[in-house]
């Protein structure tokens with residue numbers, strides 16, 4: 008071996024940057040609406056590269072555990088009506104669509120949202136993920152059921 012690094016200077020810089028700059032691969036944010044005793048999920052997201060690894064499910068379980076400890080009456084959130092993957096994810100975890108809110112997202116082309124809700128017990132009804140194959144099959148089943156109703 009000649010010891011010459013085949014990476015371009017740009018690739019070397021990016022490689023070093025990736026090692027040095029920590030990134031958030033996923034995020035969850037929620038707020039307690041005390042007047043309604045609701046835990047509202049404002050954000051739950053995962054970078055595309057890290058999806059399908061159970062990370063978002065673990066973050067959601069963290070939120071559901073918090074909801075159970077705080078004795079809230081429900082966990083709620085909004086999802087764009089066009090976001091089929093998110094809708095399937097939340098339905099898989101026991102959330103139900105309770106309303107459609109027209110023009111919820113003011114600055115998005117697809118502005119309508121579904122309001123979703125999960126009632127207690129939050130963790131007792133949680134479906135544990137065994138492997139990605141069974142989860143994929145379940146998500147396909149949820150989407151196909153949604154399309155036929």
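In this note's numbering, the protein residues as written are 8 to 156. We put the CB at the ideal spot given by N, CA and C, even for glycine.
Contact under 9 Å by Cβ, residue i with residue j
| i | j | result |
| --- | --- | --- |
| residue 122 | residue 107 | yes |
| residue 46 | residue 82 | yes |
| residue 66 | residue 34 | yes |
| residue 120 | residue 111 | yes |
| residue 51 | residue 63 | yes |
| residue 79 | residue 29 | no |
| residue 39 | residue 77 | yes |
Chain D contact for residue i (CB, 9 Å cutoff)
| i | result |
| --- | --- |
| residue 42 | Checking the listed chains, one finds no chain D in this structure; it contains a single protein chain. |
Cβ neighbours of residue i in the same chain (closer than 6 Å, five flanking residues each side left out)
| i | result |
| --- | --- |
| residue 54 | 32 |
| residue 125 | 82, 101, 102 |
| residue 57 | 32 |
| residue 117 | 87, 89 |
Residue range of the beta strand (DSSP E) that includes residue i
| i | result |
| --- | --- |
| residue 123 | 120-125 |
| residue 106 | 103-108 |
| residue 55 | Per DSSP, residue 55 belongs to no beta strand (DSSP E) and is neither H nor E. |
| residue 67 | No beta strand (DSSP E) holds residue 67; the alpha helix (DSSP H) holding it covers 62-77. |
| residue 31 | Looking at the DSSP string, residue 31 is not in any beta strand (DSSP E), and its letter there is neither H nor E. |
Delimiting residues of the alpha helix (DSSP H) encompassing residue i
| i | result |
| --- | --- |
| residue 44 | Neither: residue 44 is in no alpha helix (DSSP H) and is coded neither H nor E. |
| residue 84 | Counting along the chain, residue 84 falls outside any alpha helix (DSSP H), though it belongs to the beta strand (DSSP E) covering 81-87. |
| residue 94 | 91-99 |
Sequence-distant residues of the same chain with beta carbon closer than 8 Å to residue i, five excluded per side
| i | result |
| --- | --- |
| residue 70 | 35, 37, 46, 48, 51, 82 |
Cut-off 7 Å between Cβ atoms - residues of its own chain near residue i, not counting five sequence neighbours on either side
| i | result |
| --- | --- |
| residue 157 | Residue 157 lies beyond the range of the chain shown here (8 to 156); nothing can be said about it. |
| residue 93 | 86 |
| residue 109 | 119 |
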